[in-house]
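Here is the structure we will look at, set down as structure tokens.
So this is what it looks like as structure tokens:
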């Protein structure tokens, strides 16, 4: 069983403005990129399930062959507008994707 | 005209202290040539706190700016900087005071153009009441779809994100030493000198995107390091002034991911930058040539960020290493919550409306409870976090919650003198007002500069401003 982060050299998350959080994976090489992409494990529906959200909350899944990157953008819940927000910068929101099975 | 259309930029991030060997990097960039020094220092990913409070993190702007403003002044290289994180008037003023001090200490006189991007909430409310429509910049139920006049009036402070055009106006001053702005698009600071020299907008915006975080787009990425680029009408050549870092086609292509929702398309004032056909080519000698960006014109809008007051916060922190309590962690917290809700003082209040009470657990109580040989120093942390309509109420609820957690009984308790290790006095830490973005809306404008106050030709250090 392979987890996504094992195929990457960078696996991170950060806010994209106050209301969105964006998860970036940069793969070790083209094979790793193609393997993750072909797995179908990161469609908007699958991403929504990983985060326990509706698909409306997934605002983009982008694959970039130039940088060997995957970007997933989600509505940030709770955003820093909410008292319950425990991650103002959104720097710790990558784990559901990082540990997803490819 | 041909020679005019080559512009060389040196980029920094001014809220991050530059690397210790920055002087060497600057010298190397100067050998390649530098026409403008650019350093951004505003952003909204900290939430609305700084905008609402008028404060900023403990950035030592003077120390951060000193190395490159010295070179800018000595070599008459104009600089463009945005300052103060939230970039409203108090942040701009605090930063300008730091520049006054810097000028006095270094014995310099600088002629600066200033851009104040604060927007009065009442003026915004009047504009909306008069028919101006501002739609939310992100589809989220946390924001009204359109900002109403009442929404605008509720804001304690607001700013607009300046695009490049007001900066291009300021650059027309031939005697200018530099430009200091409040809140501005990071890429606008880089775009302005390029647009002023006739570089196409697509290329200017792409250059801004590559350079805006300083050395973060290099390999290994580090915003404490500068980045350098030569921009012509056809392409951008990026180089690293510090030989320990280097741009690569991959590091530059990846940088378009950073803090952005879409790596290929980005809405900006007046258009969308499209990088889907961008190319990155390694050059002999360590540079990377970037080209192929496209720009699609659309409506000119200014992003308005506005903070509103949502209450006041009080915190209490404690640590638990006692296995008997760790084994009953959830019960312990639930009992405290019941006690708060049942207290005659707080019973009339509505949780979620008059106050919120959150207990944040740091560590794993189950794993800690199961550990052989408990150690008083290895604790699981609980942070009581109360936000309430007044400062006093937040502190009272936080104290009540603290005392119930500290002394509240649980089954089979033997440690009856106190349930937790408490690290701080006072046990309740007032954390001040809590702000949220009440406005994060796109306001269409007729002229890119109409929301802003432009002050050309101000001499620094300013007279009558205390050091």
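Chains as they are written, first to last, in my numbering: chain A, 34 to 135; chain B, 9 to 475.
Even glycine gets a Cβ: it sits at the ideal position worked out from N, Cα and C.
Here the structure is a predicted model, which means the values were calculated and not measured.
| Asked | Found |
| --- | --- |
| Residues that residue 55/A bridges to, as DSSP identifies them | 47/A, 106/A |
| Pair within 7 Å by beta-carbon distance, residue 7/B and residue 412/B | A question about residue 7/B goes unanswered here, because the residues of chain B that appear run from 9 up to 475. |
| Between the CA atoms of residue 130/A and residue 55/A - distance to the nearest angstrom | 11 Å |
| Three-pair Cβ contact test at 8 Å for the region 266-276 of chain B versus the region 44-52 of chain A | yes |
| Expected contact under 8 Å - CB spacing of residue 236/B and residue 249/B to nearest Å | 5 Å |
| Burial state of residue 404/B, where buried means 16 or more other Cβ atoms lie within 10 Å | buried |
| Proximity winner among 110/B, 199/B, 286/B, relative to residue 468/B (alpha-carbon distances) | 110/B |
| DSSP state of residue 76/B mapped onto helix, strand, coil | helix |
| Contacts around residue 480/B, its chain only, beta-carbon distance under 6 Å, and the 5 residues preceding and following it disregarded | Nothing can be reported for residue 480/B: it is not among the residues displayed for chain B, which extend from 9 to 475. |
| Reduced DSSP secondary structure (H/G/I, E/B, other) of residue 84/B | coil |
| Proximal chain B residues relative to residue 55/A, where beta-carbon distance stays under 8 Å | 265, 267, 268, 269 |
| In DSSP terms, what residue 95/A is bridged to | 104/A |
| Whether residue 145/B touches residue 443/B by CB criterion (7 Å) | no |
| Local Cβ density within 10 Å of residue 106/A, reported as buried at 16 or more and exposed below that | buried |
| Closer than 7 Å to chain A by CB, residue 296/B | no |
| Cross-chain neighbours of residue 92/A in chain B, by beta carbon under 9 Å | 146, 147, 269, 270 |
| Chain A within 7 Å of residue 53/B, Cβ atoms only | yes |
| 7 Å Cβ cutoff, residue 258/B in contact with chain A | yes |
| Of the listed residues 53/B, 31/B, 94/B, nearest to residue 77/B (C-alpha basis) | 31/B |
| The region 311-318 of chain B / the region 425-434 of chain B touching (three or more Cβ pairs under 8 Å) | no |
| Buried or exposed (CB count within 10 angstroms, at least 16 for buried), residue 80/A | buried |
| Segment contact, 8 Å Cβ cut-off, at least three pairs: the region 18-26 of chain B with the region 61-75 of chain B | yes |
| Residue burial classification, residue 97/A (beta-carbon count within 10 angstroms, cutoff 16) | buried |
| Backbone secondary structure at residue 355/B - three-state DSSP | coil |
| Per-residue contacts from residue 262/B into chain A (C-beta, under 9 Å) | 43, 57, 59, 97, 99, 100, 101, 102 |
| Candidates 212/B, 459/B, 292/B, 274/B: closest to residue 15/B by CA position | 212/B |
| Ranges of the alpha helix (DSSP H) found wholly within the region 91-166 of chain B, counting only runs of at least 4 | 97-114, 129-137, 157-162 |
| Own chain residues within Cβ distance below 8 Å of residue 11/B, not counting five before or after | Only weak support exists for where residue 11/B lies, its pLDDT of 47 falling under 50; the coordinates are left without a value. |
| Local conformation of residue 422/B per DSSP, three classes | coil |
| Residue 301/B versus residue 41/A: straight-line alpha-carbon distance, rounded | 27 Å |
| Sequence-distant residues of the same chain with beta carbon closer than 6 Å to residue 58/A, five excluded per side | 41, 44, 103 |
| Buried or exposed by the 16-neighbour rule on C-beta atoms within 10 Å, applied to residue 492/B | Residue numbering for chain B in the displayed model covers 9 to 475; residue 492/B lies beyond these limits and cannot be assessed. |
| Length at least 4, wholly inside the region 252-316 of chain B: the alpha helix (DSSP H) runs in chain order | 257-263 |
| Residue-level contact to chain B via CB, residue 65/A, 7 Å cutoff | no |
| Given residue 110/A as reference, the closest of 91/A, 37/A, 75/A, 70/A once Cα atoms are compared | 91/A |
| Candidates 59/B, 298/B, 347/B, of which the one nearest residue 125/B by Cα | 59/B |
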